[in-house]
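First comes the structure, then the notes that go with it.
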Amino acid sequence: MERSSRRIAEYFRDAVLDLPKLQNLRMMNAKAERQ
416 MERSSRRIAE YFRDAVLDLP KLQNLRMMNA KAERQ
């Protein structure tokens, strides 16, 4: 149980760290479409 919960915590931590990257990519794509 502890092992799986730790894995889930790491998964969420990685997801939170990846969110800014995804938002930056989305903004870059939006700017490229405008041009």
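Note that the working numbering has the sequence shown beginning at 416, numbered continuously upward. Cβ coordinates follow ideal geometry from the N, Cα and C atoms, glycine included.
Asked, Found
"E425 versus K436 - alpha carbon distance", "17 Å"
"Pairwise C-alpha distance: V431 and M442", "17 Å"
"Inter-residue Cα distance where the pair is A447 and R428", "30 Å"
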